[in-house]
Amino acid sequence: MRTQPGGEMMDYLSAFAPHITGLIQQKRVLGDKYDSEPGILRRFDTFCRECHPSEVTITRELMLAWAVKRPGEHPATLQGRITPVKELAKYMMRLGYNAFCLPKGMMPRIPRDMPHIYSNDELKRIFIQTDHCHYCSSAPHRHLVMPVFFRLLYSCGLRVTEARLLKVEDVDLSEGVITVMNAKLDRHRQLPVSPDMLTRLKAYRQNIHLLSRPKDCFFPGRDLKPMTIGNVEKNLRKFLWKAGISHGGRGKGPRVHDFRHTFAVHCLRRWVLEGTDLRAHLPVLQTYLGQVSLGDTADYLHLTADLFPNITEQVERVLGNIIPETGGYDETN
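Heads up: the sequence shown begins at 25 in my numbering, then just goes up one per residue.
Here is the structure:
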């Protein structure tokens, strides 16, 4: 069989072929997109045929051979290569096979960069530059898209892919609610927008989407298709440069995802200064961020306290030790 991104099946020819196809089918029945993993599993299938043709189950030796770091391979890439094979091992174990699943402690550690939290002044300077974005014939809506797109990232804490894949039908201007359909783990959520953001969205839609269909891209790029992540990052670097905000270069910050981090930290700081009950409001922030674990959301409390020492005492007094430090700000969270 053959599975390409989008659902078709690939050719799997090793002894693991029926288990690979079974795993993919199970994942999709359970609602997972599972688009990139089949390609990784095909590489594993080829690896098994060429290097371990006699293996009929995932042994410790086979797993460790697959998990060897390649020259120049980033830890995140290695982790992404191992994870689907771990899932395959778990699937085979559920079927009664004596398969080896790489323990969590043996997974490669991904170094986490400290998020860049934009100051109010930096945000103001960036948004001024987005407002001055000029017309581009190859992307004729760019000068209208950029001011709204980046403000929406910050005002709702959206992941960049969630924002760039929004459709016209996902933005309900009568109710002032955005429905995020392309969320991590396929967890859809509805987010109210602020009055100022709603005003901007209404003006934006009037300029671009009077004749659009419900399924059309809300933030169109070239050929009216969704902007790529690379295109968004490229535009941000231009705005940062024009705003006089230094950029660390390729792979360094500030990044587009830092608008999301900034949204979370600014919300928490405001709530602390206003004397708001953080226990009651953390689930609200969790909903906006679309995070499964409250601990992931609570990581921002520690970051907020680190960045604003004057509120550390208030945070500790309100929360005590009920939320442990986990030390991670996942770029995909």
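Glycine is no exception: its CB is placed at the ideal position from the N, C-alpha and C atoms. Owing to the predicted nature of the structure, the values given are computational and were not obtained by experimental measurement.
Proximity to residue i [Cα-Cα], best of the options
i, options, result
"residue 119", "238, 212, 50, 285", "50"
"residue 228", "253, 192, 128, 246", "192"
"residue 329", "316, 293, 300", "293"
"residue 133", "187, 239, 104", "104"
"residue 177", "331, 220, 287", "287"
"residue 121", "142, 316, 81", "81"
"residue 21", "170, 251, 223", "Nothing can be reported for residue 21, as the shown portion of the chain is limited to 25 through 357."
"residue 251", "237, 98, 184", "184"
"residue 128", "148, 142, 106", "106"
"residue 66", "308, 182, 112, 245", "112"
"residue 22", "307, 48, 52, 249", "The requested residue 22 does not occur in the structure, where the chain is confined to residues 25 to 357."
"residue 248", "161, 78, 110", "161"
"residue 290", "143, 159, 64, 84", "143"
"residue 158", "234, 259, 226, 60", "259"
"residue 114", "89, 83, 98, 95", "83"
Proximal residues to residue i (C-beta, below 8 Å), its chain only, five neighbours per side dropped
i, result
"residue 69", "36, 37, 38, 40, 41, 44"
"residue 271", "261, 264, 265, 277, 278"
Neighbourhood of residue i by C-beta distance below 6 Å, restricted to the same chain and skipping five residues each side
i, result
"residue 30", "In this prediction, residue 30 has a pLDDT of 44, which is less than 50 and means its spatial position is unreliable; nothing more can be read from the coordinates."
"residue 87", "124, 126"
"residue 146", "269"
"residue 151", "none"
"residue 180", "215"
"residue 332", "293"
"residue 203", "194, 214"
C-beta neighbour in chain B for residue i, strict 8 Å
i, result
"residue 160", "Absent from the structure is chain B; it holds one protein chain and no more."
Cβ distance (whole Å) where residue i is taken to contact residue j below 8 Å
i, j, result
"residue 205", "residue 196", "Not confirmed; about 12 Å, so no contact."
"residue 163", "residue 126", "Residue 163 to residue 126, Cβ: 44 Å. No contact."
"residue 175", "residue 221", "6 Å"
"residue 282", "residue 108", "Not a contact, Cβ separation roughly 29 Å."
Residues near residue i in its chain [Cβ-Cβ closer than 7 Å; skip 5 each side]
i, result
"residue 232", "165, 168"
"residue 311", "213"
"residue 102", "93, 132"
"residue 188", "243, 250, 251, 256"
*Which ranges does the beta strand (DSSP E) cover as unbroken runs of at least 3 residues, wholly within the stretch 171-230, from first to last along the chain?*
201-204, 213-216
*asked:* So within the stretch 252-321, which uninterrupted alpha helix (DSSP H) runs reach at least 4 residues, ignoring any that extend past its ends?
replied: 253-266, 282-297, 302-313
*Can you list the alpha helix (DSSP H) stretches of 4 or more residues lying completely in the stretch 52-103, in chain order?*
61-75, 84-90
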